[in-house]
Every structure is written in C-alpha cells, then in structure tokens.
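Participant: Residue numbers (UniProt numbering), protein chains in the order written: chain A, 1 to 219; chain B, 1 to 219. Structure provided below as structure tokens; questions to follow.
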DNA sequence: CAGTTGCTGATTGTTGACAAAATACAATAT
DNA sequence: ATATTGTATTTTGTCAACAATCAGCAACTG
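Written out as structure tokens, the structure reads:
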C-alpha cells in the first residue's frame with residue numbers, strides 16, 4: 001500500500017465561513033467603523049439564513065470588532081489609537097515575551113528562515129507601497145512567534161486582541177513610518193538569533209517603543 | 001412638573017439572560033470543566049429554544065469558558081493554573097496599572113470608601129470561611145479599579161480574561177493562603193491613598209509578586 | 001476473529017416563519 | 001409652527017422543523 005494519505009478535510013461549518021468572511025470585510029475596510037450590520041442584508045449577500053450570521057456577530061462582538069445594541073443594531077467598532085497603543089500592544093508584547101522565554105529551545109534554523117522570509121517580504125512590500133500587505137506581514141511575524149507555544153490561552157488571548165490591532169494598523173497605516181518597519185523586525189529577529197534572553201527582552205521592549213514612536217501624532 | 005424620572009428599563013434580550021445564567025453555572029462549578037453542554041438539555045431546562053443558547057455558546061467560547069468542536073460537542077474549558085498565573089494575571093495587572101496611572105485624579109474619598117468596604121468584607125469572609133464570596137470580592141476589588149476608566153478597550157479586555165481568572169480561583173481557592181488576601185488588598189488600597197504613582201506601582205508589582213510572578217511591562 | 005461496512009439514535013447545524021421592538025414619518029392637536 | 005400621538009415599515013429576537021454529522025453498535029466479509 002502506498003504511503004499517500006489524504007489531507008484532513010476542513011470541517012468548517014457555515015457559521016465559521018461567515019465569521020471569517022465578515023471579519024475579513026471589516027479588516028479590509030469594506031465595512032468601515034460605524035457601518036451598520038443588517039443581518040438580512042449580509043444573509044442575502046452570502047446566500048445563507050440569519051442564524052449563522054447572528055452567531056458570527058456574537059463572536060466578532062467578543063473580538064472587539066462589532067458593537068451590538070439589543071433590539072437596535074450592531075455596528076462596526078471604532079478604535080481609539082491611544083487604547084491600542086497603551087493597552088493592546090503591551091499585551092501583545094507581554095504574551096510574546098512569555099512565549100519566547102518559555103520556548104527558547106524552539107528557536108531553530110527552520111524558525112529563523114521562516115521569520116527572515118517575512119522580513120524580506122516586508123522590504124518588498126515597502127518598496128512597492130503595498131500597505132495592507134505590510135500590515136499582514138507585521139501580524140504574521142508576531143503570530144508566528146506565538147505559534148511556538150502550545151498553551152491554549154496564548155492563542156485565545158492573541159485572537160481577542162489581534163483583530164483590533166490589525167484594524168487599527170489598517171486604518172492608520174498612512175501615519176506610520178514604513179521605512180522603519182523592515183529594520184525594526186530585522187533587529188528583533190537578529191536578537192532571537194542570539195538566543196540570549198537578556199538581549200531578546202531588550203529587543204522586544206525596544207520594539208514596543210519604536211512602534212510607539214511610529215505614530216507621527218503621539219505625545 | 002416634578003423632577004422625578006423613571007429608571008431606564010433594562011432591555012435584556014433572552015440571549016443575554018441565557019449567557020449570564022450559563023456563565024454563572026460554569027463559574028459556580030455546577031458545570032465543572034469537561035462537562036458537555038447539550039444545547040437541547042439547556043434549552044429545555046431554561047424553557048427557551050436553541051437559538052439563544054447557541055448565541056450564548058459563541059460568546060462564552062470567546063470568553064474562554066467553553067470549547068466548541070464543530071458538529072461534535074461543546075464542553076466546559078479546563079484551565080491550566082500556570083497559564084492563568086503567567087499570562088492572564090499579568091494582563092490584569094497591566095490594565096490596572098494603565099488605569100490607575102491615567103485616572104489618578106479619580107481616586108477620591110468615595111472611591112476609597114468603596115474599596116475599603118470590599119477589603120473589610122474580605123476579612124469577614126475569611127473568618128467565616130466563605131471561599132466563593134472571597135473570590136467574588138477579589139474580582140470586585142480589581143474590577144472597581146478598572147471601572148474608573150472610560151476606554152471601551154479596558155472593560156472589553158477585562159471581560160475577555162476575568163471569567164477565566166474567576167474560574168481558576170474558584171477551582172483552586174483551597175490552595176491559596178486566605179489569610180494574606182485581606183492584608184494584600186489593604187496594602188494595595190493604602191498605596192492608592194498616597195496618590196504617589198511610584199508607591200502605587202510598587203504596590204501593584206508586589207501584589208503581583210505575591211503570586212510568584214515575573215512581569216515584563218516595567219521599565 | 002480482526003477488520004470493514006452499513007445501520008441507528010443522538011446531537012449539532014441551518015433554515016424560514018413568526019413575534020417583539022425600534023425607527024421614520026404622517027396625522028393631529030394646541 | 002411645534003410638540004405629541006398614532007401608524008407603517010424596517011430590523012432584530014425567538015422559535016420549531018428539517019438537514020447534516022457523529023458515535024456506537026450490529027452485520028457482514030475474509
């Protein structure tokens with residue numbers, strides 16, 4: 001018998017697909033902050049009933065992307081840059097530090113190669129001015145670190161903040177100094193390569209500061 | 001015309017009540033970790049249809065209290081003490097520090113009185129061995145601080161971790177040194193009374209340290 | 001007897017219809 | 001004209017029926 005095996009079939013329910021599509025539409029800016037979400041509209045556009053739509057709304061509400069007012073309406077959330085910078089970003093760095101500290105031994109050549117590729121892609125994206133791709137790569141870089149962990153709480157917490165962060169970046173990307181993005185992440189990756197926890201912590205903290213300073217209008 | 005006005009009627013939808021009741025049942029331990037949630041059972045017990053139940057499940061899933069396996073089952077989540085201590089608790093302290101720092105001017109006599117009452121209740125609860133009440137008071141103490149803030153992100157983030165923390169405490173309360181609980185919070189409150197940010201930060205960090213934790217948001 | 005295949009009942013996923021509530025707007029009264 | 005009330009329409013909330021999927025077990029095959 002051959003060694004061939006079929007790939008596990010993704011058992012995605014309709015509600016999951018709806019959730020993902022709706023989330024994408026929000027993050028892409030097709031449904032900008034303040035947009036009203038009418039269940040029937042979405043349902044008709046997607047060709048499904050309102051049930052899955054409503055369940056998706058409950059999830060996205062908890063992800064901070066939607067605001068739901070009982071018996072009235074649900075709208076796309078608006079995010080305050082200050083809150084993202086001072087609350088969500090520090091949480092991201094906290095989890096990241098926790099993971100790197102605990103899974104230092106998982107930092108191997110395969111990991112470095114993957115991260116380096118992301119950083120290289122960043123340079124390309126900057127040169128070509130692909131801003132939304134740059135946001136994706138930034139998220140991907142940090143998520144790849146968190147994926148070293150096996151703790152369920154790591155990804156759960158990440159998911160509860162990542163989409164707000166992404167929405168924030170997408171919205172404000174034009175205010176950021178794109179040129180620094182590649183270098184900042186390269187520095188972080190270089191610190192990982194040393195496997196020196198002290199240096200890594202310094203680099204993570206510096207990354208937090210530099211992200212802070214990316215915003216032209218802070219302070 | 002009189003100045004009398006009616007209190008705004010709480011317009012709670014069925015799904016909200018279901019969500020709250022289900023959450024309470026989990027936090028009370030009536031549905032211990034691992035318990036399977038059968039939609040129809042819950043629906044019949046509550047006398048509602050499955051719709052609201054399913055929406056509640058999606059919310060509680062995002063709150064980290066339920067695990068849902070598509071087409072199979074949803075069960076009450078089990079929490080690892082280590083993850084709560086090293087990931088969720090530091091997040092709590094981070095938000096707390098953010099709020100205290102920013103809303104220092106809201107620390108007034110009314111606030112102190114409210115917090116002191118909670119601490120006093122803690123002593124009473126310890127003496128009478130009311131463990132679940134003690135957990136409630138601990139949560140309440142910290143939540144009252146966060147309520148000083150107006151930022152939506154503060155409460156949203158808090159809600160995404162508080163129930164996991166509560167579940168953890170409820171489960172492991174017997175392992176904790178109850179006698180210290182009143183003193184630890186009294187110290188924290190006393191620090192707030194000084195309105196000295198340096199002292200307050202020290203106190204918050206000490207509160208965290210008393211749970212044997214390292215923190216990375218300090219500089 | 002091991003291993004596969006096909007049933008059966010239980011449970012979750014989805015739907016369309018109906019009920020309740022909110023909004024917009026016309027009608028009315030002052 | 002302005003403010004209030006009533007009404008129509010839209011939208012959200014809830015329900016009960018139906019479809020898809022799964023776990024367990026019996027029947028079959030070699």
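Beta carbons: idealized from backbone N, C-alpha and C, even for Gly.
What residues of chain A sit near residue 58 of chain B, judged by a beta carbon separation below 7 Å?
Facilitator: Residue 58 of chain B sits at position 58 when you count from the first residue of the second chain. The contacting residues are 55, 58 and 59.
Participant: Among the residues of its own chain, which have a CB less than 7 Å from the CB of residue 166 of chain A, if the five just before and after it don't count?
Facilitator: Start at 1 with the first residue of the first chain, and residue 166 of chain A comes out as number 166. Excluding residues within five positions, the ones whose Cβ falls inside 7 Å are 27, 135 and 139.
Participant: Within a Cβ cutoff of 7 Å, which residues of the same chain sit near residue 97 of chain A, ignoring the five residues on either side of it in sequence?
Facilitator: Counted from its first residue, the first chain places residue 97 of chain A at position 97. Excluding residues within five positions, the ones whose Cβ falls inside 7 Å are 201 and 204.
Participant: To the nearest angstrom, how far is the alpha carbon of residue 86 of chain B from that of residue 41 of chain A?
Facilitator: Reading the second chain from its first residue, position 86 is the one you call residue 86 of chain B. Reading the first chain from its first residue, position 41 is the one you call residue 41 of chain A. Approximately 43 Å between the Cα atoms of the pair.
Participant: Alpha carbon to alpha carbon, how far is residue 145 of chain A from residue 91 of chain B? Give it in angstroms, no decimals.
Facilitator: For the purposes of this step, residue 91 of chain B is taken as residue 91 along the second chain, with counting starting at 1. For the purposes of this step, residue 145 of chain A is taken as residue 145 along the first chain, with counting starting at 1. In a straight line, the C-alpha of residue 91 of chain B is about 19 Å away from that of residue 145 of chain A.
Participant: In the region 159-183 of chain B, which residues sit with their C-beta less than 9 Å from some C-beta in chain A, listed in chain order?
Facilitator: 159, 160, 161 and 164
Participant: So, are the CB atoms of residue 197 of chain B and residue 100 of chain B less than 9 Å apart?
Facilitator: Taking the second chain and counting its residues from 1, one reaches residue 197 of chain B at position 197. Taking the second chain and counting its residues from 1, one reaches residue 100 of chain B at position 100. In this structure, residue 100 of chain B lies closer than 9 Å to residue 197 of chain B by Cβ.
Participant: Taking CB distances under 9 Å as the criterion, tell me whether residue 43 of chain B reaches chain A.
Facilitator: Along the second chain, one-based indexing puts residue 43 of chain B at 43. No - not a single Cβ of chain A is within 9 Å of the one on residue 43 of chain B.
Participant: Judging by CA-CA distance, which residue of B:120, B:63 and B:81 is the nearest neighbour of residue 176 of chain B?
Facilitator: Translated into positions along the second chain, residue 176 of chain B becomes position 176. Comparing Cα positions, the closest option is B:81.
Participant: Applying a beta-carbon distance threshold of less than 9 Å, which residues of chain B neighbour residue 154 of chain A?
Facilitator: Taking the first residue of the first chain as 1, we reach residue 154 of chain A at position 154. Result: 83 and 87.
Participant: To the nearest angstrom, how far is the alpha carbon of residue 76 of chain A from that of residue 191 of chain A?
Facilitator: What you label residue 76 of chain A is simply residue 76 of the first chain in a count that begins at 1. What you label residue 191 of chain A is simply residue 191 of the first chain in a count that begins at 1. If I take the Cα positions, the gap works out to 38 Å.
Participant: When we look at the beta-carbon of residue 225 of chain A and count the other beta-carbons within 10 Å, is it buried (16 or more) or exposed?
Facilitator: Residue 225 of chain A falls outside the range modelled here, since chain A spans only 1 to 219, and no answer is possible.
Participant: Considering only residues of the same chain and omitting the five flanking positions on each side of residue 34 of chain A, which have a CB-CB separation below 8 Å?
Facilitator: Counted from its first residue, the first chain places residue 34 of chain A at position 34. Same-chain partners within the cutoff: 75, 76 and 78.
Participant: Identify every run of the alpha helix (DSSP H) within the region 112-194 of chain A, keeping only runs that are complete inside it and at least 4 residues long; order them along the chain.
Facilitator: 131-146, 152-172 and 178-194
Participant: For residue 73 of chain B, count neighbouring C-beta atoms within 10 Å of its own C-beta (all shown protein chains included) and say buried if the count is 16 or more, exposed if not.
Facilitator: In the second chain, residue 73 of chain B corresponds to position 73, counting from 1. Flag for residue 73 of chain B reads exposed.
Participant: Chain B beta carbons: is any one of them nearer than 9 Å to that of residue 66 of chain A?
Facilitator: Along the first chain, read from residue 1 onward, the residue named residue 66 of chain A stands at position 66. Residue 66 of chain A does not count as touching chain B.
Participant: Pull up the distance between the alpha-carbon of residue 17 of chain A and that of residue 104 of chain A, whole angstroms please.
Facilitator: The sequence position of residue 17 of chain A within the first chain is 17, counting from 1. The sequence position of residue 104 of chain A within the first chain is 104, counting from 1. The alpha-carbon atoms of residue 17 of chain A and residue 104 of chain A are separated by roughly 35 Å.
Participant: Any Cβ of chain A within less than 9 Å of the Cβ of residue 219 of chain B?
Facilitator: Locating residue 219 of chain B in the second chain gives position 219, where the first residue counts as 1. With a pLDDT of 32 at residue 219 of chain B, under the threshold of 50, the modelled position of that residue is not reliable, and the figure given next carries that caveat. So, interface residue.
Participant: Given that a residue counts as buried once 16 or more other Cβ atoms are within 10 Å of its Cβ, and exposed if not, what is residue 207 of chain A?
Facilitator: If you number the first chain from 1, residue 207 of chain A lands on position 207. Label assigned to residue 207 of chain A: buried.
Participant: To test your reading of the DSSP string, which unbroken alpha helix (DSSP H) runs of 4 or more residues are found completely within the region 59-83 of chain B?
Facilitator: none
Participant: CA-CA distance, residue 125 of chain A and residue 39 of chain B?
Facilitator: Along the first chain, one-based indexing puts residue 125 of chain A at 125. Along the second chain, one-based indexing puts residue 39 of chain B at 39. Rounded to the nearest angstrom, the two C-alpha atoms are 47 Å apart.
Participant: Quick test of your reading: residue 64 of chain A and residue 164 of chain A, contact by CB under 8 Å. State the CB separation rounded to the nearest angstrom.
Facilitator: Working through the first chain from its first residue, we reach residue 64 of chain A at position 64. Working through the first chain from its first residue, we reach residue 164 of chain A at position 164. Indeed they touch by this definition, with Cβ atoms about 4 Å apart.
Participant: Who are the near neighbours of residue 154 of chain A in its chain, counting only those whose CB is closer than 7 Å to its CB and skipping five residues on each side?
Facilitator: For the purposes of this step, residue 154 of chain A is identified with residue 154 of the first chain, where counting begins at 1. These residues qualify, in order along the chain: 95, 99 and 146.
Participant: Report buried or exposed for residue 141 of chain B, applying the criterion of at least 16 other Cβ atoms within 10 angstroms of its Cβ.
Facilitator: One-based indexing of the second chain puts residue 141 of chain B at position 141. Classification for residue 141 of chain B: buried.
Participant: In the DSSP output, what is residue 36 of chain B paired with across the bridge?
Facilitator: On the second chain, position 36 is the one that residue 36 of chain B refers to. In the DSSP output, where bridge partners are listed per residue, residue 36 of chain B has B:75.
Participant: Do you know whose CA, among A:13, A:179, A:62 and A:43, lies nearest residue 127 of chain A's CA?
Facilitator: Translated into positions along the first chain, residue 127 of chain A becomes position 127. Nearest C-alpha to residue 127 of chain A: A:179.
Participant: If the cut is a Cβ gap below 7 Å, which residues of chain A does residue 49 of chain B touch?
Facilitator: Position 49 of the second chain, counted from the first residue, corresponds to residue 49 of chain B. Under the 7 Å cutoff, chain A gives no residues; its nearest Cβ is about 11 Å from residue 49 of chain B.
Participant: Return the CA-CA distance between residue 168 of chain A and residue 160 of chain A, expressed in angstroms with no decimal places.
Facilitator: Working through the first chain from its first residue, we reach residue 168 of chain A at position 168. Working through the first chain from its first residue, we reach residue 160 of chain A at position 160. Taking the straight line joining both Cα atoms gives about 14 Å.
Participant: Take the Cβ of residue 36 of chain A as the centre, count every other Cβ of all protein chains shown within 10 Å, and call the residue buried at 16 or more, exposed below.
Facilitator: Here residue 36 of chain A is taken as the residue at index 36 of the first chain, counted from 1. So residue 36 of chain A ends up on the exposed side.
Participant: Could you have a look at residue 219 of chain B and say whether DSSP puts it in helix, strand or coil?
Facilitator: Taking the first residue of the second chain as 1, we reach residue 219 of chain B at position 219. At residue 219 of chain B, the pLDDT of 32 sits below 50, so the modelled position is not reliable and the matter cannot be decided from this model.
Participant: Give the range of the alpha helix (DSSP H) segment to which residue 18 of chain A is assigned.
Facilitator: Residue mapping note: residue 18 of chain A aligns to position 18 of the first chain, counting from 1. That run of the alpha helix (DSSP H) goes 14-28.
Participant: Return yes when at least one heavy atom of the ligand ZN lies under 8 Å from the C-beta of residue 192 of chain B, else no.
Facilitator: Within the structure as shown, the ligand ZN is missing, as the structure has no ligands at all.
Participant: By how many angstroms is the C-alpha of residue 71 of chain B removed from the C-alpha of residue 130 of chain B?
Facilitator: Along the second chain, read from residue 1 onward, the residue named residue 130 of chain B stands at position 130. Along the second chain, read from residue 1 onward, the residue named residue 71 of chain B stands at position 71. Cα to Cα, residue 130 of chain B sits roughly 40 Å from residue 71 of chain B.
Participant: From residue 172 of chain B to residue 29 of chain B, what distance separates their C-alpha atoms?
Facilitator: Taking the second chain and counting its residues from 1, one reaches residue 172 of chain B at position 172. Taking the second chain and counting its residues from 1, one reaches residue 29 of chain B at position 29. Straight-line Cα distance between these residues: approximately 12 Å.
Participant: Comparing the C-beta of residue 103 of chain B with each C-beta of chain A, is any distance below 9 Å?
Facilitator: What you label residue 103 of chain B is simply residue 103 of the second chain in a count that begins at 1. No, its Cβ sits nowhere closer than 9 Å to a Cβ of chain A.
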